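Residue numbers (the numbering used here), protein chains in the order written: chain A, 18 to 222; chain B, 131 to 298; chain C, 4 to 356.
Structure first, then comments.
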Amino acid sequence: MQSLTNRSKVVVKKEMTFTEKMYLPAILNGMRITFSHMFKKSATIKYPEHVRPRSSVYRGQHVLKRDEAGAERCTACGLCAVACPAEAITMVAAERKKGEENLYREEKYAAVYEINMLRCIFCGLCEEACPKEAIFLTDRIVDTEYERNDFVYGKDKLVEPVEKDKRIDVSVRQNEKTLEFKTHSEYGHNQVWDPNKSLKKKSGH
Amino acid sequence: MTVTQILFVVLSLMAVLSGLFTIFSKNPVFSALWLIVAFFAIAGHYILLNAQFLAVVHIIVYAGAIMVLFLYVVFMINLNKETEPNKPAWVRIAAVISGGMMMLTLVAALKGASLVPQNKSAEALNIGLASNLGKVLFNDFLVPFELSSVLLLAAMVGAVMLGKRQIH
Amino acid sequence: MLLAVLIPMLAYKGILVVIVFAISLGVAAYSTYAERKVSALMQDRVGPDRAGPFGLLQPLADGVKMFMKEEIIPNVSNKFLFILGPAISMMTALLTGAVIPWGPDITIGGNVYPLQVTDVNIGVLYLLGVVSIGVYGVMIGGWASNNKFALLGALRASSQMISYEVAMGISVITLILLTGTMSTAEIAEQQQGFVQDSWLGWNFFKNPVTFLIFFICALAETNRTPFDLPECETELVGGYHTEYSSMKLGLFLFAEYINMFISSAVMVTFFFGGYSAPFLNRFVTDPFWFPMLSTLVFLGKTIFFIFVFMWIRWTVPRFRYDQLMNLGWKILIPLSIINLVATAVGMWLTGKI
């Protein structure tokens, strides 16, 4: 049949020459190639010793921050739990007693704060939702465990240590742009979602 | 008894017993395996006769090639009891007669054999070694040797004919 | 009087057997490590490097793992034959080390000892015989597993090994014609001295085609890629060792590496001068150190061929079954027969026979 375009290629199964039929030259050529690869740099990064550089906004295991004096910043408002699309965060609030001012910054605090790391999708919405700068995602990687229950991280694993030198640095996540972004309440998740408002905004575009 | 005699008795017992097991085992795979044991015992006899070449060739050809093909075929066809057809009586009678004739031939051949020790010249002792065997085969028995190769060739041609697909 | 001579000789042979045994096992164990390392290097990876420095303790860890695994024997299989399979594989793999000449005669304390377990006058045929028995390990193991995949793997293995044994046998006959002896020690002895008779002394330079056929057949006999159809995991799950677990599986896998070591040693003996080291005798003449260094040279050549085995494995893909049979029956056997006839005619014309 006449082809309408001249782009079609005729496939030819051409007869192999004698040297090609012997296969030995081809095999030797292949062996030359594999041998040359022995002297190439290996692409492997030995993980625990060397870590592949991560993006500055990498979202890994969470941390619950303390303030300068060492008191927990979280006030158990529950906004992170509301913002969480995976329903990974639960907490139990409690009232601060007298004499506990050095432990908890606000009058209300989280007696229990749990994140289920199997549910968490590391989207970072909890961090955006937090009005107290208490929860941040860090560049640490969640460990493997033997039991499913062990993936529910409580305050023992989430709250950073009191000692100044053991604090977890989250300054990359508190740069000016982030802080400025958090002041825009219309982009944030800090309020209950109003369907009319967001619809208006969309139609405005 | 010398070491040679003890070895002879052990190897003979092994050969005879494994031969009997070959016949009496119900599973054809076990029959084939017992036959391999018998071949090894016979190869041991060859070594006792100072014929290492024959012993090794016996193992290569019989145990290494022919019995592997036997096992190959036994694996491929289902030889369970249920599928085995009942042989008619005349087949059994024919089998007994042909077996009896084989026995008769063996008895006739062994009747004239004497148990007097042969003269143990160095040449007679080393008849099983490769170079001596080759000299004997290509000088004294040249025609039978070449004839047997022609026989093998004929068998090979026949096998090719059987294996070839019929083209109409 | 006889015993006084016999007992030290027997003791020496016993020690030699133990040494050969240990070397075979040690080289095979480190071949598993080398296989992983070579494959890693060829694929731009690192390979095992966690157990010990550079991962050198990896074979030990693998062995411990194999021993610790649960031993499973299928209920319906014949238990005796199921155990016999890997035993035969391992036994035949180790038996072949007996006739390999590891080095020239060594002098210790004024006594001369040969560095070979036995010098039988039909050593070459002994090798072929033991190799032909090796099929039974795979066949019996595959049949006793009572598993379709295992049986198919066993059938493939047996047909492949028988097919390639023919070409291997004919190439070995060519070698016997070339050297005029069937003793492995004499074959190695003849190739001493790198330049000899205006030919280069090694049998490889006298007849490279024989070596090529022998090498391809050795690949097929040891079930190495591109001839590893019996354990072809993409088609047969695991081939003949599908049902095997624990150390019985380990024995099957280990036998492959010992076979690789022994066939490399055989190739070195037959074609690459055995323990001959060019120009070594100009520097070392001590009757103790010269054999020792020669043995090291022999092991070095053997290890090089093990590397070539691995090199091929990580380069060439697996054959299809009909390609395998075509190569064996339609190419290698005619080629080896032509080679045999050509060698005979050539030797007749040059007046060597």
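Where is the CB? At the ideal position from N, CA and C, for every residue including glycine.
None of the values given here were measured: they were computed from a predicted structure.
Spatial neighbours of residue i in its chain, beta-carbon cut-off 7 Å, leaving aside the 5 residues before and after
i      : result
C:V49  : A43
B:I166 : A193, M197
C:R321 : T228, P229, D231, L232, C235
A:V28  : none
C:T110 : P290, F291
B:G149 : A168
C:L128 : M185
C:N226 : A160, P233, E234, E259
A:A86  : N119
C:K355 : none
C:L87  : I143
A:H222 : Confidence is the limiting factor: at A:H222 the pLDDT is only 41, short of 50, which leaves the residue's position unreliable and the question unanswerable from this model.
A:C101 : L142, C143
B:F151 : W164
Beta carbon of residue i nearer than 8 Å to that of residue j
i      : j      : result
C:L239 : C:F152 : yes
C:P89  : C:G137 : no
A:G77  : A:L154 : yes
C:L207 : C:F218 : Note on residue identity: the sequence assigns Phe, not Leu, to residue 207 of chain C. It is not a contact, given that the beta carbons lie outside the stated cut-off.
C:F301 : C:V269 : no
A:C91  : A:A151 : yes
A:E131 : A:V159 : no
C:F264 : C:S34  : yes
C:S339 : C:I216 : yes
A:A110 : A:A93  : yes
C:D108 : C:V115 : yes
C:Q194 : C:G276 : yes
C:M328 : C:S166 : yes
A:E89  : A:L96  : no
C:I334 : C:I173 : no
C:G242 : C:M69  : no
B:A162 : B:L199 : no
Host alpha helix (DSSP H) of residue i (start-end)
i      : result
B:K241 : 219-241
C:G145 : 126-147
B:G264 : 260-269
B:F169 : 158-178
C:I265 : 249-274
C:L327 : 324-328
A:C97  : 96-100
Same chain only: Cβ atoms within 6 Å of residue i, ignoring 5 sequence neighbours per side
i      : result
C:Q61  : Y36, P51, A54
C:A96  : A258, I261, N262
A:K57  : none
C:Q119 : P104, A188
C:E74  : S249
A:G2   : Since the displayed chain A opens at 18 and closes at 222, residue 2 of chain A lies outside it and no answer follows.
A:V209 : Note on A:V209: pLDDT 46, under 50, position unreliable in the model; the coordinate value appears next. Excluding residues within five positions, none has a Cβ falling inside 6 Å.
Under 9 Å from the C-beta of residue i: neighbouring residues of chain C
i      : result
B:F205 : M142, G145, W146, L154, A157, L158, S161
B:L259 : N124, I125
B:A193 : G132, S135, I136, Y139
Cross-strand partners of residue i (DSSP beta bridge)
i      : result
A:E89  : A:R83, A:Y121
A:A110 : A:A127
C:V169 : DSSP lists no partner for C:V169.
A:N133 : A:V169
A:V176 : A:L81
Contact set between residue i and chain A, taken where Cβ atoms lie within less than 7 Å
i     : result
C:D47 : H54, K57, S59, A60
Residues of its chain near residue i, where Cβ-Cβ distance is below 8 Å and the 5 sequence neighbours each way are ignored
i      : result
B:L137 : G174, L178
C:A280 : L296, S297, V300
C:Q46  : W317
First through last residue of the beta strand (DSSP E) which encompasses residue i
i      : result
C:N78  : C:N78 -> no beta strand (DSSP E), and no H or E assigned at all.
C:V115 : 114-118
A:T51  : First-last for A:T51: 41-54, but that is the alpha helix (DSSP H), not the beta strand (DSSP E).
C:T110 : 106-111
A:F153 : 152-154
Chain-ordered neighbours of residue i on chain A, where CB pairs are closer than 8 Å
i      : result
C:W317 : T51
C:L44  : H54, M55, S59
C:W314 : M48, T51, F52
Proximal residues of chain C, C-beta to C-beta of residue i below 7 Å
i     : result
A:G47 : T318, V319
Neighbouring residues, chain B, relative to residue i (Cβ below 8 Å)
i     : result
C:I86 : Going along chain B, no residue has its Cβ under 8 Å from C:I86, so there is no contact; the nearest lies around 14 Å.
Residue i beta carbon near the ligand FAD (any heavy atom closer than 7 Å)
i     : result
A:V74 : With respect to the ligand FAD, the structure offers nothing, as it holds no ligand at all.
Under 7 Å by beta carbon: chain B residues contacting residue i
i      : result
C:M185 : A260
C:Y129 : V186
Interface partners of residue i on chain C, CB under 8 Å
i      : result
B:I189 : G132, S135, I136
Within chain B, the residues that residue i reaches when beta carbons sit closer than 9 Å
i      : result
C:I165 : G194, A195, V198, L199, Y202
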